[in-house]
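Shown next, in structure tokens, is the structure this report addresses.
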Amino acid sequence: MQFNFNSTEPIYLQVADQIEEAIFAQSFAEGEQVPSTTEISKEFHINPATVLKGMNILVDAQLIEKRRGVGMFVVPGAQAQIVEKRRNQFYDDYVKNLVSEARKLHITKQELAQLIERGFTTQ
Amino acid sequence: MSIQLQAITQQFHGQTVLDNLNLTIEPKKIYGLLGRNGAGKSTLLNIISNRLFPTSGTATLDGETLHDNDQTLGQLYLMSEVNMYNDHSRLKKLIDSTALFYGDFDRAYATQLAAKFGLNLTQRFGKLSTGYRTIFKLIIALCVPADYIFLDEPVLGLDANHRELFYQELIDSYTNRPRTFVISTHLIEEIANLIEHVFILDQHQIIVNGSVSDILDRAYMITGPDADVTAYTSGLNIIGQDHLGGITANYVYGALEDNRPIPDTVTVERLDLQKLFVNLTNAKEAAAHVN
Amino acid sequence: MSTKRWAVTRYLFMEQLQLLWRTYAFILVAFVILPLLFAILTGNLSHYSFGSTLTDLGIGAVFGFFILVTMSLTYDNFKLFIQNGISRKTYCQAKVINLIGLSFGMEIISALYNFLVTAPARGHSGQAFLDTTVYSLYDHFLGTNLFVNILGYMAFNWIFFIGLGLTGMAIGSIFALLTKFARNIAIIAIPVLGFFLLVFLSNTSTSPSDYNLDGLVNFLKFLMGYHANAQPGYFNPTMPMLTMMVGCVIMGAIAYYFNQKLKLKK
């Protein structure tokens, strides 16, 4: 797991984002346990209540679930759910910015399509 | 259930250190008490723990006085910068007396912590370096069965590894037995995410008192060309400014104007706790100098 | 007794026991062993009597000095106790309980030593020994029963020790409130003032016409248990005991009052 708390976003949102990212990257596989509140809290010196608040966002989104007395586990299908969510946000998060930046640089629609084509073939 | 300070005023030789200060400290929360050097943090903690008498005002725990009262004083522990232990006493003996007076002292954990920090308990207190005195006092603070633990400069003289270890043990201990910690330190970045609630002491008063997330929700840095930033932040509570060439950063504490459009050239970012603290306490100082 | 008060009393008692045996060990070395070594080195061993040196040890006098000094030690323990959530009140009470208990124990030990070791070694009877003490003013008042007189003597000493201890506490708690500077001034000023007071008093006694001290003298005699035509040995011992008790109450009140004001120094 790779946590990176540099941004100035509220910490509990960062906790949620980072765990979600780890599930998406399959660092935490479906059905597996995620680190406990205390573990995360200790590792990054974050108040346990803050960590819990972040985790609860993921519980509400049904990406992780609480098993009494054991801990938090990744819900089966969580990764697919994240993929679905990110696909839905793809247009807003990336395409809009891409087009707006292209316009500022006077890149035409055809040129942009060609660049995308190049991106797909080289990577 | 809480510690309440009511209208606490403290004067030394006619000089006001604390002025009509009110404060509530709730159970099972981790607090940060921040203030510049000489702001009166230690004085405040010494008043709570009945080591000093305020000029006026009262301190209570669950409605019972904290003045000369074994019952209430036994529920709190202040680890202070001043060394309260006799230099000739051996650490083992100091642990014994703490256990005798508080009862229920977690000796197993104390031994474990001493091993982790590499502290030999057969030494005399006076022989320890600054760092190890701090470590010894921290060990006592973490093992004492009190419900309110006050840590005044808890990382004084500790190296980075020991600080890291301390923060981890603090969280571990807090998770195992939730109780209140009030941490007074100058290393704000190290505790910024650890504390749930923050008090900022400045100009003899508590000028900030709230949950860290609520407070940081109202703290912004607005950066961009001078004119645009000035226009956008006009009328807002500007607590500080930085300039670099034609670029200005205005630090704002308080709500932004929601219906005021943000110019393309201007970026709005959040402040972290340290930056907020520096600007809040600087601004006051500058204002005081003007007067 | 509350657990805290008991804990503090126990702590203070153990601390005092340690100091006490060290004090007596020091006395033993200084007044018995060192003279012995000195006698051996100078070849005067014939003049040295181990027995009489040992039997002349004033256990009670040493304890009086000890209790006055140790009861005056205040600030270090205050720091430790306030650090451990112990109130000033409990500290003060535990100290007094300790004083009363320790004085009682030490008076018994001292009396046993006096009557079972020192007196026989000097070839004195118990009554003859009493006649060499301060209590000789009172040692016939309670009749001829030696045991009763010894009890009176012990009670007298016990109250005296308590008074000394409380005086130490009162002085110690006042000194604990002073800054180092003020304390040093006091240490110099008090003997100087005392000296001038003595000079003043000796002057007044040489010219009695200026002041009429008869009232004061009579009052002091009354406090000492003197009554009409009483011979020394037949004074009433309850009077000085009551006087000392009043002194104890006054010193205790002063000690308590200033103890309540103890606070952390910068």
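Residue numbers (UniProt numbering), protein chains in the order written: chain A, 1 to 123; chain B, 1 to 291; chain C, 1 to 266.
Idealized CB from N, CA, C, for every residue including glycine.
Beta-carbon neighbours of residue i, restricted to chain A and to distances below 8 Å
i, result
"residue 184(B)", "Within chain A, no residue comes near residue 184(B); the closest Cβ sits about 17 Å away, beyond 8 Å."
"residue 213(B)", "10, 11, 12, 50"
"residue 196(B)", "47, 49, 50"
"residue 156(B)", "Those do not exist, as residue 156(B) stays about 18 Å from chain A at its closest Cβ, beyond 8 Å."
"residue 193(B)", "5, 11, 44, 45, 46, 47, 50"
For residue j and residue i, believed in contact at Cβ under 8 Å, the rounded distance
i, j, result
"residue 270(B)", "residue 192(B)", "At roughly 12 Å, the Cβ-Cβ gap does not stay under 8 Å, so residue 270(B) and residue 192(B) are not in contact."
"residue 53(C)", "residue 32(C)", "5 Å"
"residue 72(A)", "residue 34(A)", "5 Å"
"residue 224(C)", "residue 239(C)", "7 Å"
"residue 102(B)", "residue 74(B)", "6 Å"
"residue 30(B)", "residue 196(B)", "5 Å"
"residue 2(B)", "residue 24(B)", "5 Å"
"residue 34(B)", "residue 198(B)", "6 Å"
"residue 277(C)", "residue 79(B)", "This structure cannot speak to residue 277(C), because chain C is shown only from 1 to 266."
"residue 277(C)", "residue 172(C)", "Residue 277(C) lies beyond the stretch modelled for chain C, which goes from 1 to 266, so this question has no answer here."
"residue 62(A)", "residue 26(A)", "Going by Cβ atoms, the distance from residue 62(A) to residue 26(A) rounds to 18 Å, so no, they are not a contact pair."
"residue 236(C)", "residue 227(C)", "6 Å"
"residue 252(C)", "residue 69(C)", "Contact doesn't hold; Cβ gap of about 18 Å is too wide."
"residue 264(C)", "residue 51(B)", "4 Å"
"residue 60(C)", "residue 110(C)", "4 Å"
"residue 40(B)", "residue 216(B)", "No, residue 40(B) and residue 216(B) are not in contact; Cβ-Cβ is about 24 Å, not under 8 Å."
"residue 116(A)", "residue 74(A)", "At roughly 33 Å, the Cβ-Cβ gap does not stay under 8 Å, so residue 116(A) and residue 74(A) are not in contact."
Neighbouring residues, chain A, relative to residue i (Cβ below 9 Å)
i, result
"residue 190(B)", "45"
Residue i Cβ short of 7 Å to the ligand MN heavy atom set
i, result
"residue 103(A)", "Among the ligands in the structure shown, none appear at all, so the ligand MN cannot be discussed."
Chain-ordered chain C contacts of residue i [CB-CB under 8 Å]
i, result
"residue 101(B)", "4, 7, 8, 11, 81, 84, 85, 86"
"residue 76(B)", "85"
"residue 109(B)", "Within chain C, no residue comes near residue 109(B); the closest Cβ sits about 18 Å away, beyond 8 Å."
Amino acids of chain B, ordered along the chain, whose beta-carbon sits closer than 8 Å to that of residue i
i, result
"residue 264(C)", "46, 51, 52, 82"
Listed by chain order, chain A residues near residue i by CB distance under 7 Å
i, result
"residue 30(B)", "47"
"residue 209(B)", "Chain A residues near residue 209(B): none, gap ~17 Å exceeds 7 Å."
"residue 113(B)", "The contacting residues do not exist; residue 113(B) stays about 15 Å from chain A at best."
9 Å Cβ cut-off: residues of chain C touching residue i
i, result
"residue 98(B)", "83, 84"
Interface partners of residue i on chain C, CB under 7 Å
i, result
"residue 62(B)", "Near residue 62(B) there are no residues of chain C at all, since even the closest Cβ is about 15 Å away, more than 7 Å."
"residue 104(B)", "By Cβ distance, chain C contributes nothing, its closest Cβ being about 11 Å from residue 104(B), past 7 Å."
"residue 272(B)", "None at all; the shortest Cβ gap to chain C is about 34 Å."
field: Chain-ordered residues of the stretch 160–182 of chain B with a beta carbon less than 8 Å from chain A
entry: 167, 168, 171, 172, 174, 175
task: Pull out every residue of the stretch 37–56 of chain A whose Cβ sits closer than 9 Å to any Cβ of chain B, in chain order.
output: 37, 38, 41, 42, 43, 44, 45, 46, 47, 48, 49, 50, 53
- prompt: At a Cβ cut of 8 Å, what residues of the stretch 63–93 of chain C count as close to chain B, listed as they run along the chain?
  reply: 76, 79, 80, 81, 82, 83, 84, 85, 86, 87, 88, 89, 90
message: Which residues of the stretch 2–19 of chain C have a Cβ closer than 9 Å to any Cβ of chain B? Give them in chain order.
response: 2, 3, 4, 5, 7, 8, 10, 11
- request: Closer than 8 Å, Cβ to Cβ, to anything on chain B: give me those residues from the stretch 9–22 of chain A, in chain order.
  value: 9, 10, 11, 12
field: alpha helix (DSSP H) runs contained entirely in the stretch 209–243 of chain C, provided each spans 4 or more residues
entry: 214–223
- prompt: Hey, which unbroken runs of the alpha helix (DSSP H) at 4 residues or more fall wholly within the stretch 52–109 of chain C?
  reply: 59–72, 75–83
query: Can you list, in chain order, the residues of the stretch 238–264 of chain B whose Cβ is nearer than 8 Å to any Cβ on chain A?
result: none
query: For the stretch 135–142 of chain C against the stretch 151–158 of chain C, are there 3 or more C-beta pairs whose distance is under 8 Å?
result: yes
- request: Evaluate the contact criterion for the stretch 185–201 of chain B versus the stretch 270–280 of chain B: three or more CB pairs, one atom per stretch, below 8 Å.
  value: yes
- request: Mind checking the stretch 11–39 of chain B against chain A and listing, in chain order, the residues whose C-beta falls within less than 8 Å of any C-beta there?
  value: 30
field: Within the stretch 111–148 of chain B, ranges of the alpha helix (DSSP H) (whole runs, at least 4 residues)
entry: 130–143
- request: Check whether the stretch 129–145 of chain B touches the stretch 53–70 of chain B, counting contact only when three or more Cβ pairs, one atom from each stretch, lie closer than 8 Å.
  value: no
- prompt: With contact counted as at least three CB pairs below 8 Å, one residue from each stretch, are the stretch 142–149 of chain B and the stretch 110–122 of chain A in contact?
  reply: no
- prompt: Which runs of the beta strand (DSSP E), 3 residues or longer, sit entirely within the stretch 155–234 of chain B?
  reply: 180–184, 197–202, 205–211, 219–225
- prompt: What are the complete beta strand (DSSP E) segments, minimum 3 residues, inside the stretch 65–97 of chain A?
  reply: 71–74
- prompt: Can you give, in chain order, each stretch of the beta strand (DSSP E) that sits fully within the stretch 29–116 of chain B and has at least 3 residues?
  reply: 30–35, 56–61, 76–79
task: Examine the Cβ distances between the stretch 156–163 of chain C and the stretch 61–75 of chain C and report whether three or more of them are shorter than 8 Å.
output: yes
- prompt: Is the stretch 192–201 of chain C touching the stretch 124–135 of chain C, taking contact as three or more C-beta pairs under 8 Å?
  reply: no
message: Three Cβ pairs or more, each shorter than 8 Å: is that satisfied between the stretch 8–16 of chain C and the stretch 74–92 of chain C?
response: yes
- prompt: Are three or more beta carbon pairs between the stretch 57–66 of chain A and the stretch 20–37 of chain A nearer than 8 Å?
  reply: yes
query: So, do the stretch 4–11 of chain B and the stretch 160–168 of chain B have three or more beta carbon pairs nearer to each other than 8 Å?
result: no
- prompt: Is it a yes or a no for the stretch 240–248 of chain B touching the stretch 222–232 of chain B, going by three-plus beta-carbon pairs under 8 Å?
  reply: yes
Chain-ordered residues of the stretch 129–154 of chain B with a beta carbon less than 8 Å from chain C: 146
message: Which residues of the stretch 213–238 of chain B have a Cβ closer than 8 Å to any Cβ of chain A? Give them in chain order.
response: 213, 216, 217
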